[in-house]
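Engineer: As given, the protein sequences belong to chains A and B, one line each in that order. For reference, each letter of the first sequence is one residue, going 1 to 473 in my numbering. For reference, each letter of the second sequence is one residue, going 1 to 473 in my numbering. Ideal placement from N, C-alpha and C gives every residue a C-beta, glycine not left out. Since the model is a prediction, treat every value here as computed from it, not as a measurement. Dropping the structure in here first, questions after.
There are 2 protein chains.
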Amino acid sequence: MNQTSNTTTSNPHHWLEQITRWYEKHEHTIINELREFLSIPSVSTDSRFRDDVLECATFLKEYLQDKVGASTKLIPTQGFPIVYGELIHNPRLPSILIYGHYDVQPPDPLDQWNTPPFDPTIRNGAIYARGASDDKGQLWLLIQAIRFAIREQQLPCNIYFLLEGEEEIGSPALTAYLQEHALPAIDVSLVSDTSIPSENQPGITVSLRGIAYFQLDIWGPARDLHSGVYGGAVLNPATLLTHILNQIYDIHSGKIQIPNFYNDVIELTTQERTLLAKGTPPPEAFQQDTGLPPHAEQGYTYHESRTIRPSFDINGLWSGYQGEGSKTIIPASAHAKFSFRLVPNQNWQTIAQLVQTFIQSLIPNGIRYKLHTFHGGNPYRLPLNSPYYQLAEQAYALTFGTQPLPLYEGGSIPIVSLLAERTQRDVLLMGFGLPTDQIHAPNEHFKLHMLKRGIQTIGTFLYLLAHHHESQT
Amino acid sequence: MNQTSNTTTSNPHHWLEQITRWYEKHEHTIINELREFLSIPSVSTDSRFRDDVLECATFLKEYLQDKVGASTKLIPTQGFPIVYGELIHNPRLPSILIYGHYDVQPPDPLDQWNTPPFDPTIRNGAIYARGASDDKGQLWLLIQAIRFAIREQQLPCNIYFLLEGEEEIGSPALTAYLQEHALPAIDVSLVSDTSIPSENQPGITVSLRGIAYFQLDIWGPARDLHSGVYGGAVLNPATLLTHILNQIYDIHSGKIQIPNFYNDVIELTTQERTLLAKGTPPPEAFQQDTGLPPHAEQGYTYHESRTIRPSFDINGLWSGYQGEGSKTIIPASAHAKFSFRLVPNQNWQTIAQLVQTFIQSLIPNGIRYKLHTFHGGNPYRLPLNSPYYQLAEQAYALTFGTQPLPLYEGGSIPIVSLLAERTQRDVLLMGFGLPTDQIHAPNEHFKLHMLKRGIQTIGTFLYLLAHHHESQT
Chain A
1 MNQTSNTTTS NPHHWLEQIT RWYEKHEHTI INELREFLSI PSVSTDSRFR
51 DDVLECATFL KEYLQDKVGA STKLIPTQGF PIVYGELIHN PRLPSILIYG
101 HYDVQPPDPL DQWNTPPFDP TIRNGAIYAR GASDDKGQLW LLIQAIRFAI
151 REQQLPCNIY FLLEGEEEIG SPALTAYLQE HALPAIDVSL VSDTSIPSEN
201 QPGITVSLRG IAYFQLDIWG PARDLHSGVY GGAVLNPATL LTHILNQIYD
251 IHSGKIQIPN FYNDVIELTT QERTLLAKGT PPPEAFQQDT GLPPHAEQGY
301 TYHESRTIRP SFDINGLWSG YQGEGSKTII PASAHAKFSF RLVPNQNWQT
351 IAQLVQTFIQ SLIPNGIRYK LHTFHGGNPY RLPLNSPYYQ LAEQAYALTF
401 GTQPLPLYEG GSIPIVSLLA ERTQRDVLLM GFGLPTDQIH APNEHFKLHM
451 LKRGIQTIGT FLYLLAHHHE SQT
Chain B
1 MNQTSNTTTS NPHHWLEQIT RWYEKHEHTI INELREFLSI PSVSTDSRFR
51 DDVLECATFL KEYLQDKVGA STKLIPTQGF PIVYGELIHN PRLPSILIYG
101 HYDVQPPDPL DQWNTPPFDP TIRNGAIYAR GASDDKGQLW LLIQAIRFAI
151 REQQLPCNIY FLLEGEEEIG SPALTAYLQE HALPAIDVSL VSDTSIPSEN
201 QPGITVSLRG IAYFQLDIWG PARDLHSGVY GGAVLNPATL LTHILNQIYD
251 IHSGKIQIPN FYNDVIELTT QERTLLAKGT PPPEAFQQDT GLPPHAEQGY
301 TYHESRTIRP SFDINGLWSG YQGEGSKTII PASAHAKFSF RLVPNQNWQT
351 IAQLVQTFIQ SLIPNGIRYK LHTFHGGNPY RLPLNSPYYQ LAEQAYALTF
401 GTQPLPLYEG GSIPIVSLLA ERTQRDVLLM GFGLPTDQIH APNEHFKLHM
451 LKRGIQTIGT FLYLLAHHHE SQT
């Protein structure tokens, strides 16, 4: 096969040199085009930006078509369109699904930005803009690596792009799409939307927690009542709410008390726990960061408690009078937002059912309540013996000169587990964000150095993947 | 003694007729003067009304001087002045301390008033204005009854007026004054600032609960943290807050769990409980009113639970995200306002100490919190065998044609217990408000019929008191 000549005739070091030269030659254009991408305020959560999000989808579609050579289309949804693209050499070649998102978080508070969030500015070797790291900048490095490797070098791989405009609002349209439509058969999905520990310590995210998020509303008296006149003869909805929340979670053991909650939790092996422990920040650094001494579930370290163990958090709480001074009322209602982080193999819908049953059992007769289940997501874990993990490991090691760590993340990217479920293939999370990127905050930025490193690493990974495929066939 | 001729030579029925004739003759003036009093917007809580509150104090002082013949002065305080007045015939005569307040609640929401709150309007036999019932209208009937009985009829009693302008903000100035100054020796204090069950069923408030009000602030992480990244390794302040609140109160038994909380509670006798039970609204009416089936402390009826038993209520609760949708944070802080209603002989400062000790014992190491104790107040109870209670009972029975009920109120009027403590005498709460008066709400009003009934009843009470004193000496 002619197309495979590059991978068979040269070694990865040589390939990496080629990427680097290519990047340095096109750096100016790549960055300018990224600036154009970043200057479109594609804030998905705010309807005032609706047209901008749509414009951003079109920009991306056209870019993939014109500059990467993909056949593209906008897949209409109930919300913002999915940018779909195909770059197919030959169906028998290894196929990679690229996932990313073109929407961004709102830029507020605006007055804390040093330069406007949608006027991308380069200073101190970084590009400052909303979305610079999450996820436009990281999507950009994927696209550029593919542009080089597949378009220019004709590396024998097929690429599918599946880029959504609703990640920051929970991916409703893409979730529905994935549930209703079959995806092309692929070998692996590739995502750059995560961070690595530091510029010198790369990592591959191998574990994500799932989430189940709820709002509980309890209605008490028909109106706020005078707590003197009625206190003692009326079940206070705030009191009931605190009772229920306290029944869910035992603060002393750090364990969730809902029956059968832990049934499906997979324990890590001793070896995995040892590897995980290597990534544990020292307690002093943790306390420096959070302002609190670390807390842990009984039987686990605090780092395990926030990564490979389920957790419970109250995210919001409100009832009655919140102003200055005192107001002597029995509130008419009480509300809480709370969520669980889930770990393999918990299923968020099973958990939601358990939560519902448990709460129902705690509501006294005659009390009106509503338990609303927000969109949840399942946990995800990539086995360390996955060949794709090992290829990614090599790619990072070649580019960074340092072996990457497997990263067990406490956060959730529900679309990742859904992609894995629907493709029945691994999802590889090769991130290049840094903890200092200020994502979701004012002055979000992405280091140009990391943009280059990302293109080098992904380009090398594609090379290794194609090479691996050849050696298998 | 010449002055006593009226009381000895005529009977109470005759006296009541005289009051009635006097009232009917002066009704027009009395109501017009009340309108003038009501038209001064003496909103104590809002500094924009500062001058109006001061004007109202002066109006009241001059009225007592010019129309009632009292020697008066304004006692300056840190806040609004106390209107003090004396109407002394002879130090050996029975002396009555009149307490009332000339300040009013804010009129908001203004758009719900049918006529402006400070443009007193008469319709459907009632006067509509902020303060019409609470307390200007009720203070007015006391003043008019005294004007008739003491000024015009020279009834042998001494009157002291102690009228404050800060009742609606918790009586700080009067509380300080009472703690620092001795009061003249008196026989009984008289207050008209309460309600009776209905126009046809008078009552005398014999019991008030005390109050101890707190705000608990718990600080967690230095900022809102991502609940995915940190959840499980950080003690969530909202979780700790709900834990603490839940430790204070057991929702199943309705009992407060703070050690020694009930130590000083006086149990009612079987006879008192039977009398109290007569005033219990039927559960259907209660549910109609509150929208909830009645709740009760174990071992007590729901009416007892809200009148002669202590209670615990969460009055406000806030933490984290309260907006639409979901936000995955561990909140940086959590806050609650909560209060206890207290019963004789609980002391609010003792209770505050118990609460403080209890909460401190529940705060884990390294967690920053603040427990703020707002002004509290002690409970009050007038024994049913008090001679003043019995005289008041007669006065209501004569005027209304119905025996009044002893009323056990769940609410608190901290100044009442303080007056009782400082004078070492009973405080008689002879109210004429109706449950439908809309106090503290838009369209507050006072029935003119009740203004008249009040003047008749208080006038008769004064007569009976003077007569009683004579028979004792």
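Is there a Cβ from chain B that is less than 7 Å from the Cβ of Asn2 of chain A?
Structural biologist: Legend: pLDDT at Asn2 of chain A = 41, less than 50; position of this residue unreliable, no value from coordinates given.
Engineer: Would you mind stating whether Gly100 of chain A and Leu163 of chain A have Cβ atoms separated by less than 7 Å?
Structural biologist: With contacts defined by Cβ atoms closer than 7 Å, Gly100 of chain A and Leu163 of chain A form a contacting pair.
Engineer: In this structure, does DSSP put Ala336 of chain B in helix, strand or coil?
Structural biologist: strand
Engineer: Assuming the contact rule is C-beta atoms closer than 8 Å, Leu371 of chain B and Phe261 of chain B should be a hit. Round their C-beta distance to whole Å, please.
Structural biologist: Actually they are not in contact, since the Cβ atoms of Leu371 of chain B and Phe261 of chain B sit about 16 Å apart, beyond 8 Å.
Engineer: Taking only beta-carbon atoms, is Val234 of chain B less than 7 Å away from chain A?
Structural biologist: Answer yes: the Cβ-Cβ gap between Val234 of chain B and chain A drops below 7 Å somewhere.
Engineer: Taking C-beta pairs closer than 8 Å, name the residues in chain A that Pro293 of chain B reaches, listed in chain order.
Structural biologist: Asn365, Gly366
Engineer: So with CB distances below 7 Å, who are the chain A contacts of Gln360 of chain B?
Structural biologist: Within 7 Å Cβ-Cβ: nothing; Gln360 of chain B doesn't reach chain A, min ~16 Å.
Engineer: Along the chain, where does the alpha helix (DSSP H) that runs through Pro184 of chain B open and close?
Structural biologist: Taken as a continuous stretch (DSSP letters only), Pro184 of chain B belongs to no alpha helix (DSSP H), as it is neither H nor E.
Engineer: Can you tell me where the beta strand (DSSP E) with Leu163 of chain B in it begins and where it stops?
Structural biologist: 158-164
Engineer: Would you please state the rounded distance, in angstroms, between the beta carbons of Gly431 of chain A and Ser192 of chain A? I believe it to be under 8 Å.
Structural biologist: 6 Å
Engineer: DSSP on Phe374 of chain A, reduced to helix/strand/coil?
Structural biologist: coil
Engineer: Tell me Pro406 of chain A's beta-bridge partners as DSSP assigns them.
Structural biologist: A:Ile204
Engineer: Take Asp46 of chain B and list the residues in its own chain whose beta-carbon comes closer than 8 Å to its own, dropping the five residues that flank it on each side.
Structural biologist: So the qualifying residues of the chain are Pro106.
Engineer: How many angstroms separate the CA atom of Ser227 of chain B from the CA atom of Asn236 of chain B?
Structural biologist: 10 Å
Engineer: Identify, in the order they occur along the chain, each residue of the same chain with its Cβ nearer than 6 Å to the Cβ of Ile308 of chain A, setting aside the five sequence neighbours on each side.
Structural biologist: Leu268, Val343, Tyr408.
Engineer: Output needed for Ala238 of chain A: all residues of its chain with C-beta closer than 7 Å, excluding positions within five of it in sequence on either side, in chain order.
Structural biologist: Excluding residues within five positions, the ones whose Cβ falls inside 7 Å are Ser319, Gly320, Pro331, Ala334.
Engineer: So, are the CB atoms of Ile415 of chain A and Ser195 of chain A less than 7 Å apart?
Structural biologist: Contact: no.
Engineer: Three Cβ pairs or more, each shorter than 8 Å: is that satisfied between the segment 103-120 of chain B and the segment 140-147 of chain B?
Structural biologist: no
Engineer: Below 8 Å, can you find three or more Cβ-Cβ pairs linking the segment 396-405 of chain A to the segment 153-167 of chain A?
Structural biologist: no
Engineer: Determine which residues of the segment 312-334 of chain A have a Cβ less than 9 Å from any Cβ of chain B, and write them out in chain order.
Structural biologist: Phe312, Asp313, Ile314, Asn315, Gly316, Leu317, Trp318, Ser319, Gly320, Tyr321, Gln322, Gly323, Gly325, Ser326, Lys327, Thr328, Ile329, Ile330, Pro331, Ala332, Ala334
Engineer: Drop a sphere of 10 angstroms on the beta-carbon of Gln215 of chain A, count the other beta-carbons inside from all chains shown, and report buried for 16 or more, exposed for fewer.
Structural biologist: buried
Engineer: What runs of the alpha helix (DSSP H), each 4 residues or longer, lie entirely inside the segment 287-359 of chain A?
Structural biologist: 302-305
Engineer: What residues in its chain sit with their C-beta under 6 Å from that of Thr77 of chain A, if we drop five residues either side in the sequence?
Structural biologist: Ala173
Engineer: Give the DSSP-derived three-state secondary structure of Ile211 of chain A in the structure shown.
Structural biologist: Per DSSP, reduced to three states, the secondary structure at Ile211 of chain A is strand.
Engineer: According to DSSP, is Arg151 of chain B helix, strand or coil?
Structural biologist: helix
Engineer: Could you compute how far the alpha carbon of Tyr213 of chain A sits from the alpha carbon of Ser339 of chain A?
Structural biologist: 4 Å
Engineer: Going by Cα to Cα distance, which pick from A:Met450, A:Glu55, A:Ser95 is closest to Pro41 of chain A?
Structural biologist: A:Glu55
Engineer: Can you tell which of A:Asp187, A:Pro364, A:Arg425, A:Pro202 has its C-alpha closest to the C-alpha of Leu382 of chain A?
Structural biologist: A:Arg425
Engineer: Please report the residue range of the beta strand (DSSP E) in which Val191 of chain B lies.
Structural biologist: Where Val191 of chain B is concerned, the enclosing beta strand (DSSP E) stretches over 188-191.
Engineer: Closer than 7 Å, CB to CB, is Ser412 of chain B near chain A or not?
Structural biologist: yes
Engineer: Using 10 angstroms around the beta-carbon of Pro364 of chain A, count the other beta-carbons present and answer buried if the total reaches 16, otherwise exposed.
Structural biologist: Exposed is the call here.
Engineer: So, with DSSP's three-state summary, where would you put Trp113 of chain A?
Structural biologist: coil
Engineer: Of the residues that make up the segment 224-255 of chain A, which ones have a beta carbon closer than 8 Å to any beta carbon in chain B?
Structural biologist: So the close ones are Leu225, His226, Ser227, Gly228, Val229, Tyr230, Gly231, Gly232, Ala233, Val234, Leu235, Asn236, Ala238, Thr239, Leu240, Leu241, Thr242, His243, Leu245, Asn246, Tyr249, Ile251, Gly254.
Engineer: Note down, in chain order, every chain A residue with its Cβ under 8 Å from the Cβ of Tyr213 of chain B.
Structural biologist: Ser326, Thr328
Engineer: Which residues does DSSP list as the beta-bridge partners of Ile98 of chain B?
Structural biologist: B:Phe161, B:Leu190
Engineer: Please report the Cβ distance between Thr328 of chain A and Leu225 of chain B, rounded to the nearest whole angstrom; I am assuming they are in contact, meaning their Cβ atoms lie under 8 Å.
Structural biologist: That belief does not hold up - the Cβ atoms of Thr328 of chain A and Leu225 of chain B are roughly 34 Å apart, past 8 Å.
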